[in-house]
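A.B. asks: Supplied in structure tokens, the structure appears directly below.
There are 2 protein chains.
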Amino acid sequence: MRAESDDTGKEVSGVLVALADPIRRGLLDLLAELGEATATTLAEQFPVSRQAIVKHLAVLDAAGLVTGSRVGREVRYSLRPESLDAATRWMSSLAADWDRRLAAIKRTAEAAERDFT
Amino acid sequence: MRAESDDTGKEVSGVLVALADPIRRGLLDLLAELGEATATTLAEQFPVSRQAIVKHLAVLDAAGLVTGSRVGREVRYSLRPESLDAATRWMSSLAADWDRRLAAIKRTAEAAERDFT
DNA sequence: TCGAGGTGCAACAATCTGGTTGCACGTTAA
DNA sequence: TTAACGTGCAACCAGATTGTTGCACCTCGA
């Protein structure tokens, strides 16, 4: 019935879901600039409430893209690139795989045409 | 207020949304194997109805990942790797950017520590 | 000490998403 | 010709997402 066959699938899946939202991509971008920031600070740069940002950060955290550490009364978030690297590698291999198979299909088609003409 | 700054953002966004769903990833996988297939054929390999598959294919089509062409009474779908390549490149550059900035932050932190001790 | 700032939690509303079913329409093949 | 097949469209449903607001709880600094 065809399920998720790749073993890296689960981790990569979370990253893709996380990256599918523009606000979350913006948060990653902003964190790359700032290095570290609190949810409240980050929220000032987006047109949504702090709570909304907190939820987005939770998604990013679950995907392993971000991590938060408590310092006194605040929580500072920062990037954690490993998961993104994994997703990039997965996409690259997927792209390579497509190319490989498409090339094979193309060869078959050309061979068929040669036989025909 | 921070919007999508990158110009490639819009195209890439669609691809990420498309890839965020496991069934859609499965469809891409299957199309890579088969080269070409109809919605009805594809639906047999998944635990959902043909109509659900048609909707997924529409999303993939909108993202530029697949294309369908009518042949008689059926519509044959096949892969179109360009968009995936674009997304891969985008993610790679994003990852590289993170690394660059993280390295800069790390250097700053180390310099501060050196000054302190 | 005590007020202000940052966080966490919960309830709620609205929209999106993924899925279903039923049916009409064109195309193919017996 | 006509029955079967593949497709397209529309209505509809349930649950997930995204956002809000209100409030309680710590922690810091004057």
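Heads up: the sequence lines are chains A and B, in that order. Residues 1 to 117 (my numbering) make up the first sequence, in order. Residues 1 to 117 (my numbering) make up the second sequence, in order. Virtual Cβ for every residue (Gly too), placed ideally from N, Cα, C. Here the structure is a predicted model, which means the values were calculated and not measured.
Would you please verify whether the beta carbon of residue 53/A is less than 8 Å from any beta carbon of chain B?
C.D. replies: Taking the first residue of the first sequence as position 1, residue 53/A is located at position 53. Output row for residue 53/A: interface = no.
A.B. asks: Using Cβ-Cβ distances below 7 Å, what residues of the segment 54-88 of chain A are close to chain B?
C.D. replies: 79, 81, 84, 85, 87 and 88
A.B. asks: Helix, strand or coil: which one does DSSP assign to residue 111/A?
C.D. replies: Working through the first sequence from its first residue, we reach residue 111/A at position 111. It is helical.
A.B. asks: What would DSSP say about residue 54/A, mapped onto helix, strand or coil?
C.D. replies: By one-based count along the first sequence, residue 54/A stands at place 54. In the structure shown, residue 54/A sits in a helix (DSSP, three-state: H, G or I).
A.B. asks: Looking only at C-alpha atoms, which of 94/A, 17/A and 47/A sits nearest to residue 61/A?
C.D. replies: Here residue 61/A refers to the residue found at position 61 of the first sequence. The option with the nearest alpha carbon to residue 61/A is 17/A.
A.B. asks: Pick from 108/A, 76/A and 25/A: whose alpha carbon is nearest that of residue 36/A?
C.D. replies: By one-based count along the first sequence, residue 36/A stands at place 36. Nearest option by C-alpha distance: 76/A.
A.B. asks: So the alpha helix (DSSP H) residue 33/B belongs to, where does it begin and stop?
C.D. replies: Walking along the second sequence from the start, residue 33/B turns up at place 33. Residue 33/B -> alpha helix (DSSP H) spans 22-34.
A.B. asks: Less than 8 Å between the C-beta atoms of residue 32/B and residue 101/A, yes or no?
C.D. replies: Position 32 of the second sequence, counted from the start, is the residue given in the question as residue 32/B. Position 101 of the first sequence, counted from the start, is the residue given in the question as residue 101/A. Contact check for residue 32/B against residue 101/A passes: the beta carbons are separated by less than 8 Å.
A.B. asks: The alpha helix (DSSP H) that contains residue 42/B, what's its start and end?
C.D. replies: Start at 1 with the first residue of the second sequence, and residue 42/B comes out as number 42. Counting along the chain, the alpha helix (DSSP H) containing residue 42/B begins and ends at 39-43.
A.B. asks: Note down, in chain order, each residue of its chain lying with its Cβ closer than 8 Å to the Cβ of residue 64/A, except the 5 sequence neighbours on either side.
C.D. replies: Taking the first sequence and counting its residues from 1, the one referred to as residue 64/A is at position 64. Cβ neighbours of residue 64/A beyond the five flanking positions: 11, 14, 15, 80, 82 and 83.
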